[in-house]
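Heads up, the sequence shown is in this note's numbering, so the first residue is 9 and it goes up one at a time.
This report refers to the structure that appears directly beneath it.
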Amino acid sequence: RLNMTRKNKPPLSLQKLAKLMENKDGKVAVVVGTVTDDKRLYGVPKLSVCALRFTETARASILKAGGECLTFDKLALRSPLGQGTVLLRGPVKAREAER
Numbered sequence: 009r010l011n012m013t014r015k016n017k018p019p020l021s022l023q024k025l026a027k028l029m030e031n032k033d034g035k036v037a038v039v040v041g042t043v044t045d046d047k048r049l050y051g052v053p054k055l056s057v058c059a060l061r062f063t064e065t066a067r068a069s070i071l072k073a074g075g076e077c078l079t080f081d082k083l084a085l086r087s088p089l090g091q092g093t094v095l096l097r098g099p100v101k102a103r104e105a106e107r
């Protein structure tokens, strides 16, 4: 999953991430791709997010809300079997080439 093509690693916005993690307290969101900031989201909830990349503004807003940004090696040390994690994906078919 980590060695996918760029097409299969679509970005995921903070707004979508917050919506998907609404009732999953204490779990870590795992995204194989980039987590991007969303200006439409005013209040960012406290989230634990593991991703390949974060934009600077997304990382800043997650940390400001009291959450944490993890890399995959830190996640592997924390939960080697992947317990307490939620796998998420961005919209693959939202690319301009797919329309």
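We put the CB at the ideal spot given by N, CA and C, even for glycine.
- Query: Candidates N11, V36, K17: which alpha carbon is nearest L89's?
  - Reply: Position 81 of the sequence shown, counted from the first residue, corresponds to residue 89. Nearest of N11, V36, K17 to L89, Cα basis: V36.
- Message: Just verifying my parser: in three-state terms, what is the DSSP assignment at T65?
- Response: As a first step, residue 65 must be located in the sequence shown, where it is residue number 57. Helix, per DSSP.
- Message: So, under 8 Å CB-CB, R67 and C77 are touching, yes? Tell me the CB distance rounded to an integer number of Å.
- Response: Here residue 67 refers to the residue found at position 59 when the sequence shown is read from its first residue. Here residue 77 refers to the residue found at position 69 when the sequence shown is read from its first residue. 5 Å between Cβ atoms; contact.
- Of the residues N31, E30, F80, T44, which one's Cα is nearest the Cα of S69? On the sequence shown, residue 69 is found 61 positions in, with the first residue counted as 1. Nearest Cα to S69 within the set N31, E30, F80, T44: T44.
- Task: Put V100 into one of helix, strand or coil per three-state DSSP.
- Result: Position 92 of the sequence shown, counted from the start, is the residue given in the question as residue 100. DSSP places V100 in the helix class (H, G or I) of the three-state scheme.
- Message: With distance defined between alpha-carbon atoms, name the residue in L60, D81, K54, S87 nearest to K72.
- Response: Along the sequence shown, read from residue 1 onward, the residue named residue 72 stands at position 64. K72 has its Cα closest to that of K54, out of L60, D81, K54, S87.
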